[in-house]
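Chemist: This is the structure, below, for whatever I ask next.
In our numbering, the protein residues as written are 1 to 266.
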């Protein structure tokens with residue numbers, strides 16, 4: 001049983017909620033009794049999750065879904081307009097949506113630069129696009145939590161676009177912390193380490209292929225870099241986000257909290 005973070009009745013929006021870390025966060029926030037809006041572009045997977053959460057929800061929780069491509073200005077504007085009509089205010093915005101794939105610098109693919117730019121827009125541009133759109137719904141005491149990565153604090157070969165995007169998320173978080181402070185809105189980021197999700201496992205597979213090694217061998221070496229050498233799950237790190245969303249984190253803004261079992265410290 002998770003601690004109670006006094007979030008009951010708060011309105012929480014989670015993007016990229018249909019799977020991976022997003023689905024883990026949806027479970028954690030639903031258990032706190034919030035009004036939860038799950039946003040994704042994967043209609044079927046999102047509805048399955050919403051049905052599961054609805055069946056298990058605490059009495060005070062309510063689960064809602066929204067479908068939107070965050071790369072489309074018109075769709076985002078329409079979503080924000082509908083959100084304001086339906087819910088009025090937003091207490092917690094969790095910008096989790098993103099993609100992860102290799103972008104080796106020496107790639108000879110004709111669309112290599114298009115893929116590089118698309119990843120930046122997906123992971124950073126879409127975050128800005130949605131935050132701008134829903135900002136009128138946020139006010140004193142609201143919290144924005146942006147999804148970064150330990151690769152936003154370090155670097156790794158073959159994933160330059162993803163690494164650049166996650167560094168950019170940290171810079172964006174720091175800038176918005178100052179910009180939105182006069183409105184009483186806190187802005188923080190979380191930098192997860194290796195979390196057992198489909199996206200992370202695809203990256204691990206790509207790393208193994210690039211190195212000519214087995215996935216098991218690469219995973220063993222990656223976990224050996226951690227002070228606590230185990231692969232985390234989305235449920236393991238959900239408490240970090242619950243804390244940042246709560247009033248217990250009131251003094252924190254502009255921070256990027258690392259949840260990596262000690263792979264990255266400070």
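Idealized CB from N, CA, C, for every residue including glycine. Bear in mind that the values here come from a model prediction, so they are computed numbers and not experimental data.
So residue 189 and residue 170 are supposed to be a Cβ contact under 8 Å. How far apart are they, rounded?
Modeler: 6 Å
Chemist: Quick one: grab the DSSP three-state call for residue 182.
Modeler: helix
Chemist: What residues match up with residue 143 in a beta bridge as DSSP calls it?
Modeler: 92 and 186
Chemist: Could you tell me which uninterrupted beta strand (DSSP E) segments, each at least 3 residues in length, are contained entirely in the region 28–81, listed from first to last along the chain?
Modeler: 35–40 and 62–67
Chemist: Assuming residue 12 contacts residue 91 (C-beta within less than 8 Å), just tell me the rounded distance between them.
Modeler: Residue 12 to residue 91, Cβ: 7 Å. Contact.
Chemist: Span of the beta strand (DSSP E) holding residue 242?
Modeler: No beta strand (DSSP E) contains residue 242, which is instead part of the alpha helix (DSSP H) from 234–245.
Chemist: So the candidates are 8, 266 and 85; which of them puts its Cα closest to the Cα of residue 152?
Modeler: 266
Chemist: Could you please give the first and the last residue of the uninterrupted alpha helix (DSSP H) stretch that includes residue 11?
Modeler: Premise fails: residue 11 lies in the beta strand (DSSP E), 11–15, not in any alpha helix (DSSP H).
Chemist: Does the region 128–141 come into contact with the region 93–103, if we say contact requires no fewer than three beta-carbon pairs (one atom in each stretch) closer than 8 Å?
Modeler: Taking one beta carbon from each stretch, the region 128–141 and the region 93–103 have 3 or more pairs nearer than 8 Å; the two touch.
Chemist: Specify, as a first and last residue, the run of the beta strand (DSSP E) that residue 258 falls within.
Modeler: 256–259
Chemist: Grouping DSSP H, G and I as helix and E and B as strand, with all else coil, what is residue 192?
Modeler: Residue 192 falls in the strand class under three-state DSSP.
Chemist: Indicate the three-state DSSP secondary structure (helix, strand or coil) for residue 219 in the structure shown.
Modeler: In this structure, residue 219 counts as helix in the three-state DSSP scheme.
Chemist: Who are the Cβ neighbours of residue 163 in its own chain at under 6 Å, not counting the five residues just before and after it?
Modeler: 151 and 155
Chemist: From the DSSP output, in three-state form, read off residue 155 for me.
Modeler: coil
Chemist: Under 8 Å, with one C-beta from each stretch per pair, do the region 116–130 and the region 69–86 reach the 3-pair mark?
Modeler: These segments touch.
Chemist: Determine the burial state of residue 207: buried for a count of at least 16 other Cβ atoms within 10 Å of its Cβ, exposed for fewer.
Modeler: buried
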